[in-house]
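Trainee:
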Amino acid sequence: AQKVTQAQTEISVVEKEDVTLDCVYETRDTTYYLFWYKQPPSGELVFLIRRNSFDEQNEISGRYSWNFQKSTSSFNFTITASQVVDSAVYFCALRLTGSGNTGKLIFGQGTTLQVKP
Amino acid sequence: GAGVSQSPSNKVTEKGKDVELRCDPISGHTALYWYRQRLGQGLEFLIYFQGNSAPDKSGLPSDRFSAERTGESVSTLTIQRTQQEDSAVYLCASSVQTSVVLGNEQFFGPGTRLTVL
Chain Z
5 AQKVTQAQTE ISVVEKEDVT LDCVYETRDT TYYLFWYKQP PSGELVFLIR
55 RNSFDEQNEI SGRYSWNFQK STSSFNFTIT ASQVVDSAVY FCALRLTGSG
105 NTGKLIFGQG TTLQVKP
Chain H
3 GAGVSQSPSN KVTEKGKDVE LRCDPISGHT ALYWYRQRLG QGLEFLIYFQ
53 GNSAPDKSGL PSDRFSAERT GESVSTLTIQ RTQQEDSAVY LCASSVQTSV
103 VLGNEQFFGP GTRLTVL
């Protein structure tokens, strides 16, 4: 079965602290995509990153970085020097690409990040 | 161009009534997804449309739920005889889906918050 687990339900940090959001996934498929989405208080999901299962290179985008480790089935997300505007719910999601799959996203339960000034 | 739009933004209904939720995908996006997000939970896949192919209805929780899509445009999600457990935010997403293998990101609408009294 396919599953995404975000064990951290809520995280609270003080502005400028670094914070890592964990994501662990389960699938027997060899080809898949992993995503991170941000859901601010307004409710609309914002796409952050997509990672192909064959590409284990870490990625950095400004204050955001992602660590993909296939050996541990993890796709963790780090925010460096957090800001109040980073406060949101963050979702990790898995998408299978094999025959018969429609591309639906399998979401984790989400991690609520609160950044205090 | 415009993003995914959904209407209404909020819907309050009485138990047992039928409701219709509407989604306007991004122009040119052939794939359309409906998800449900219960309070404090991740998103659950409901249904998927891709062009003229048969929809993937595997996520619909009961036969009270149905959805239609006209061509590659508007989609309507209908919930008949609503129950209190149907209370949730219903999110629509669309993507350019030339191939599932490409893993194109899904763009989400703002959602419809449904409250069943």
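If you read the sequences in order, they're chains Z and H. The first sequence: position 106 = 110 (the working numbering), numbered continuously. The second sequence: position 21 = 23 (the working numbering), numbered continuously. Glycine included, C-beta positions come from ideal geometry on N, C-alpha and C. On a predicted model such as this, the values are computed, not experimentally measured, just so you know.
Once the 5 residues before and after LYS20/Z are set aside, which same chain residues still bring their CB inside 7 Å of it?
Mentor: As a position in the first sequence, residue 20/Z is number 16, starting the count at 1. Closer than 7 Å at Cβ, skipping near neighbours: ALA85, SER86.
Trainee: Grouping DSSP H, G and I as helix and E and B as strand, with all else coil, what is THR24/Z?
Mentor: Within the first sequence, residue 24/Z is the residue found at index 20, counting from 1. THR24/Z: strand per DSSP, three-state reduction.
Trainee: Which residues in the same chain as THR82/Z place their Cβ atom closer than 6 Å to its Cβ, once the five residues preceding and following it in sequence are excluded?
Mentor: Here residue 82/Z refers to the residue found at position 78 of the first sequence. Around THR82/Z: THR24, SER69.
Trainee: Using a Cβ-Cβ distance cut-off of 8 Å, determine whether GLY30/H contacts chain Z.
Mentor: Counting from one through the second sequence, the residue named residue 30/H turns up at place 28. False, the Cβ-Cβ gap to chain Z never drops below 8 Å.
Trainee: Output the residue ranges of the beta strand (DSSP E) runs that lie fully inside the segment 10-78 of chain Z and measure 3 residues or longer, sorted by chain position.
Mentor: The qualifying runs are 14-18, 23-25, 28-30, 36-43, 50-56, 63-65, 68-73.
Trainee: By a C-beta neighbour count over all protein chains shown, 10 Å radius and 16 as the cutoff for buried, is ASN106/H buried or exposed?
Mentor: Here residue 106/H corresponds to residue number 104 of the second sequence, with the count starting at 1. When all chains shown are included, ASN106/H counts as buried.
Trainee: Might you give, ordered along the chain, the residues of its own chain that have their beta carbon closer than 7 Å to the beta carbon of GLU46/H, omitting 5 neighbours on each side?
Mentor: Taking the first residue of the second sequence as position 1, residue 46/H is located at position 44. Once the five neighbours on either side are set aside, the close Cβ partners of GLU46/H are TYR37, ARG38, GLY61.
Trainee: Mind pulling the chain H residues with CB within less than 9 Å of LEU109/Z?
Mentor: Translated into positions along the first sequence, residue 109/Z becomes position 105. Simply TYR35, TYR37, LEU45, PHE47, ALA95, GLN108.
Trainee: On the DSSP bridge list, what partners appear for ARG71/H?
Mentor: By one-based count along the second sequence, residue 71/H stands at place 69. In the DSSP output, where bridge partners are listed per residue, ARG71/H has SER77/H.
Trainee: Drop a sphere of 10 angstroms on the beta-carbon of GLY30/H, count the other beta-carbons inside from all chains shown, and report buried for 16 or more, exposed for fewer.
Mentor: Here residue 30/H refers to the residue found at position 28 of the second sequence. Exposed, by the Cβ-count rule.
Trainee: 8 Å is my cut-off, CB to CB: does LEU98/Z come that close to chain H?
Mentor: For the purposes of this step, residue 98/Z is identified with residue 94 of the first sequence, where counting begins at 1. LEU98/Z does not count as touching chain H.
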